[in-house]
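Protein chains in written order, with the numbering used here: chain A, 446 to 1182; chain B, 3 to 469.
Don't be surprised by glycine CBs; every beta carbon is placed ideally from N, CA and C.
Here the structure is a predicted model, which is why all the values come from computation and not from measurement.
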């Protein structure tokens, strides 16, 4: 059995298997489980960014009818927010205020209304200290991070000498680019329901990683992990903010134990700006040197991003610069500045999305300085192998992406002169950028079980955050088991199922998909062995190679009449089920190959010269992402990533009050995400790509590459339209007048 | 008006009669739905910004017939649904998936699924109106799909909807909203049908708060969780729900929803049509009223600049009688108006005649925001210029929102323009006056400098479009 056998269901544009549940309102999200005796929790948040709680008066709150608990640092049980790795959590263990919006209390009451009313009556006096809130004011305190950037890489890298490369360059671009704080804003707010059953804890949690949540909660509460169960059947989007376990999850469990009742706590939209992570503000210096012919002689990408005063998160902005272009002298670095903000976190293509804005803008500036077409410049510096790891690519179709994308877009008709293309009074601009995202994979397990009725159940912890896990795993399982997709029930979202990684880093298809594939294949193989060794079977005596599996039947390749159903084999052996478990993990491929998806983004913008309004009017993205599991979900994932990039480029910006660090646009009216009217026609091209090396199913991951390069492509198009280079996101109207 | 308060409201949800009691009338419909186990309707923001909570309200349209109206359930006080029929995502699959549900499955319009019920209900409402298009989902945010799969779903159901039980229901005669007097959890909710009753209630309860569509006040229920001891709904008041059109003028009742104005006045005032397009989203326009948009006196309200430019006149009523007032004299300061205690806005009258001596009128409005739709303005502007046979300006109105503490006219520039020719040269001079006409603020929507530029540039844009 190998992946070439997977040809019937995988790749088809199957409708989502959970579509019916979602369009009828039947899908249950984490805040929606009917639990007996449920009571309601709300958190109290700090209104200053730095200082101490001098006094907290809860008496009036406690007198509100129905109030069961007002938990503050004065009466919270002792736990360790730093235990268990992942994020360090302020959990009411001291009177320290570290950022505005920090949870400093939890109120539990019989109704949500009573809890809200009581929370408003808690009287707090602070000893306020001067907070550090601005990256630019604290650059002198930038430091080398203790941690690593993803894939266990050091924060700095150097090949050759950039100074030397710049010294020999005929043309140089040295610029600073900035990106603001952005918030994920999945449509579903974070929600946790905690139910204690003796010393066992059951949590319904809106999370991208049930196993991560289990480990963190158990470690913080000092419990054996086996006593914690996390369930998350449907998650209303995550984009990274639900990838970590944040304070409110643990606080809900603590409160539930205190009141001895199940507690539900749902964050309001406003509460999602701070305590559940964000994409940190960055300042990035890019230095490029090139020969007159456009060959890069030097590439330096130095990024500084913000983190909290109590924890470290590095936005790995310069990671892409290590591998994207061939250049003899490449240096990258990452620095951090501590501010009185919540801890930042992964947000859709962390590092690649923000870093590609700087690097791909700089490449466009270099193309103009050299008077070379931006695609041509990139082709002249095409990396035939990974210049950092000095490894061959497992596969790379970037050249084809440039070619096919440019052809579809009509790039050859572009007049490169800024302000040269108009439609009446409206300025037209065309821009492009390179997209890339690494192919990640983590250990994952799955169990496949074939039942006597001819159906199968496949189980794997995992999560479906909207990406289509239920659907593509059903497809993989269908092919591995030789069953139609309708006969497969795929279960996920529960730590009682086999362990899987977080749904992040575009790794679910590769990780969980490999496990499902192997488990399915193994279960089918075990079943076949029963038949091959059974004299009563029409397949008796044949070898596995002689047999094909189809629609729940085994049949001989050369004599299709010799066939029997899975159900018949199981029944004859008196078995109700046969099952197999697979524990899949990455092998040596990562030591032999550098593994990435690549793509090219092409965009047209229309700029109103009177008002500076920018509208994206056309988009072509071409991507080499390995094998497609489902053409329909894949297409939509790429489009969704691109639209996330439109938001990043043109509108997304979390604004803090300059004195107290409160987010002043903590709602969806003022924190703008793209609306339907902001989205043009988007043409996604999948460049045919087969990668035999990455993983058993040949997929590269598609959740994040769509946003990479997007902001730069728009900024480059705006430059082309207006002649104005904006190096500071978001690219709002006032920056163009 | 019944003086005995009832302790129970009845409404219909998905065809089932529900009795609502011991619940504060300011409890939102969304809270009621979710707390009563109808969790298919989602809460994404509670502010009317995302549309995840969209449900369909059966209500009389501008044509007097019943329609399904997409509304944000997070902004509707439960008192307002008394006697009405609500449909949610759980109530439209009639044996098999509704065509809009099937289309969303077919195109992959649902990813994480959390915004899906809201999109479905917006599409559902538009489906029976024959208006399934991009605009019908402008008030729904999706963070996963990038909208294209949802647009494909819309295009699948855009043509000729079928005759079904939901359409049959619309064939019933629309009945007028009945009066309501409800007391729940120490809060009173009145929905009188006569203006005299409103005025009496205001005398009786000086602390009463008026509410119509609740698209602004609803934030206080949903987000700020303020309690209101007495709410008086204007939704059913006959004298506030009318539109009169003559060749001379149009008069619009204060409680008329904006979507009715959109439908009935299309083509009458180009600047009003334009601004209504940009005004929030369908769900909000189905509930928001003209009186509400004027009465809240927001400096960034969308309609006041348009109405100021058209010299609108308000009719106000109180127990002591009626009075009329030019809209320009209504706004007194930041969210301050000339409305007296016990007084209500009855209607707004807009003349259709142009100035004496004029032969043509140029009129348009502009709203500048960051997003394509569904945004708060950085600056809104409305212009009205009457020209005589010599192309001389005989009447000028330049009104703005977002540039001062109230919606405001550039009166000095208006006067300067009188007698000048409508030429590029005049515009250039007017622009230099406009740049110093106001001292706008810098806020997160835009800088003072950018606003000043827009104040001038938008007038030039108007000239370019209407030379």
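Residue i versus residue j: straight-line alpha-carbon distance, rounded
{"i": "residue 315/B", "j": "residue 404/B", "result": "21 Å"}
{"i": "residue 346/B", "j": "residue 58/B", "result": "29 Å"}
{"i": "residue 466/B", "j": "residue 435/B", "result": "18 Å"}
{"i": "residue 913/A", "j": "residue 907/A", "result": "12 Å"}
{"i": "residue 1010/A", "j": "residue 827/A", "result": "53 Å"}
{"i": "residue 154/B", "j": "residue 462/A", "result": "19 Å"}
{"i": "residue 9/B", "j": "residue 302/B", "result": "39 Å"}
{"i": "residue 14/B", "j": "residue 89/B", "result": "8 Å"}
{"i": "residue 448/A", "j": "residue 933/A", "result": "Caution is warranted here: a pLDDT of 36 is assigned to residue 448/A, below 50, making its placement in the model unreliable, and the coordinate value is therefore given only provisionally. When rounded, the distance between both Cα atoms is 19 Å."}
{"i": "residue 446/A", "j": "residue 964/A", "result": "The pLDDT assigned to residue 446/A is 36, lower than 50, so where the model puts this residue is not dependable, and the model offers no usable value."}
{"i": "residue 209/B", "j": "residue 335/B", "result": "22 Å"}
{"i": "residue 582/A", "j": "residue 818/A", "result": "38 Å"}
{"i": "residue 743/A", "j": "residue 861/A", "result": "25 Å"}
{"i": "residue 211/B", "j": "residue 33/B", "result": "21 Å"}
{"i": "residue 598/A", "j": "residue 433/B", "result": "57 Å"}
{"i": "residue 235/B", "j": "residue 226/B", "result": "20 Å"}
{"i": "residue 777/A", "j": "residue 588/A", "result": "15 Å"}
{"i": "residue 228/B", "j": "residue 168/B", "result": "37 Å"}
{"i": "residue 19/B", "j": "residue 284/B", "result": "27 Å"}
{"i": "residue 825/A", "j": "residue 736/A", "result": "11 Å"}
When the options are compared against residue i, the one with the closest alpha-carbon
{"i": "residue 772/A", "options": "682/A, 830/A and 1060/A", "result": "830/A"}
{"i": "residue 343/B", "options": "45/B, 231/B, 202/B and 123/B", "result": "202/B"}
{"i": "residue 120/B", "options": "224/B, 391/B and 152/B", "result": "152/B"}
{"i": "residue 505/A", "options": "543/A, 532/A, 565/A and 894/A", "result": "565/A"}
{"i": "residue 816/A", "options": "764/A, 542/A, 617/A and 560/A", "result": "617/A"}
{"i": "residue 606/A", "options": "754/A, 741/A and 554/A", "result": "741/A"}
{"i": "residue 649/A", "options": "475/A, 992/A, 1074/A and 1105/A", "result": "475/A"}
{"i": "residue 77/B", "options": "223/B, 135/B and 206/B", "result": "223/B"}
{"i": "residue 364/B", "options": "170/B, 311/B, 299/B and 288/B", "result": "311/B"}
{"i": "residue 937/A", "options": "924/A, 929/A, 961/A and 951/A", "result": "961/A"}
{"i": "residue 535/A", "options": "570/A, 691/A and 508/A", "result": "691/A"}
{"i": "residue 410/B", "options": "460/B, 394/B, 355/B and 330/B", "result": "330/B"}
Closer than 8 Å at the beta carbon, the chain B residues around residue i
{"i": "residue 1058/A", "result": "370"}
{"i": "residue 900/A", "result": "What residue 900/A touches in chain B: nothing, since even the nearest Cβ is about 22 Å away."}
Interface residues of chain B facing residue i [CB-CB closer than 7 Å]
{"i": "residue 1179/A", "result": "448, 449 and 452"}
{"i": "residue 693/A", "result": "Under the 7 Å cutoff, chain B gives no residues; its nearest Cβ is about 16 Å from residue 693/A."}
{"i": "residue 1123/A", "result": "373 and 374"}
Listed by chain order, chain A residues near residue i by CB distance under 7 Å
{"i": "residue 459/B", "result": "1055 and 1056"}
{"i": "residue 455/B", "result": "1182"}
{"i": "residue 119/B", "result": "470"}
Residue i: contacting residues in chain B (beta-carbon distance under 9 Å)
{"i": "residue 561/A", "result": "227"}
{"i": "residue 1095/A", "result": "372 and 373"}
Under 7 Å from the C-beta of residue i: neighbouring residues of chain D
{"i": "residue 95/B", "result": "Of the chains in the structure shown, none is chain D; the protein chains are A and B."}
Ignoring anything shorter than 4 residues, give me the alpha helix (DSSP H) runs that lie fully in the region 267–338 of chain B, in order along the chain. 272–280, 284–287, 292–297 and 305–311
Going residue by residue through the region 672–704 of chain A, where are the continuous alpha helix (DSSP H) segments of at least 4 residues, counting only ones entirely within it? For the region 672–704 of chain A, the continuous alpha helix (DSSP H) assignments of 4+ residues that do not extend past its boundaries occur at 692–704, in sequence order.
At what residue ranges does the region 1005–1057 of chain A contain a whole run of the beta strand (DSSP E), taking only runs of 3 or more? 1008–1010, 1022–1029 and 1041–1052
Looking at chain B, which residues of the region 631–646 of chain A have a Cβ within less than 8 Å of any of its Cβ atoms? Listed by position, the residues of the region 631–646 of chain A near chain B (Cβ gap below 8 Å) are 631, 632, 633 and 634.
Contact set between the region 711–742 of chain A and chain B, restricted to residues whose Cβ is under 9 Å from the partner: For the region 711–742 of chain A, the set of positions with a beta-carbon nearer than 9 Å to some beta-carbon of chain B reads 711, 713, 714 and 715 in chain order.
Within the region 532–572 of chain A, ranges of the alpha helix (DSSP H) (whole runs, at least 4 residues): 557–566
Return the chain-ordered ranges of every beta strand (DSSP E) run that is complete within the region 639–663 of chain A and spans a minimum of 3 residues. 645–650
Just by C-beta distance, which residues in the region 601–630 of chain A are closer than 7 Å to chain B? 630
Residues, ordered as in the chain, of the region 1105–1121 of chain A that lie near chain B by beta-carbon distance below 8 Å: 1109, 1110, 1112, 1113, 1114, 1115, 1117, 1118, 1119, 1120 and 1121
Can you check the region 828–861 of chain A for any alpha helix (DSSP H) of at least 4 residues that lies completely inside it and give the ranges in chain order? 843–854
With 9 Å as the limit, tell me which residues of the region 134–166 of chain B have their beta carbon closer than that to any beta carbon of chain A; keep them in chain order. 136, 137, 139, 140, 141, 142, 143, 144, 145, 146, 147, 148, 149, 150, 151, 152 and 153
Against chain A: residues of the region 104–129 of chain B by CB proximity under 7 Å: Of all residues in the region 104–129 of chain B, 106, 107, 108, 110, 112, 113, 114, 115, 116, 117, 118, 119 and 122 have a Cβ within less than 7 Å of some Cβ in chain A.
Give me the subset of the region 46–62 of chain B whose CB atoms are less than 7 Å from a CB atom of chain A, sorted by chain position. 46, 47, 48, 49, 51, 52 and 54
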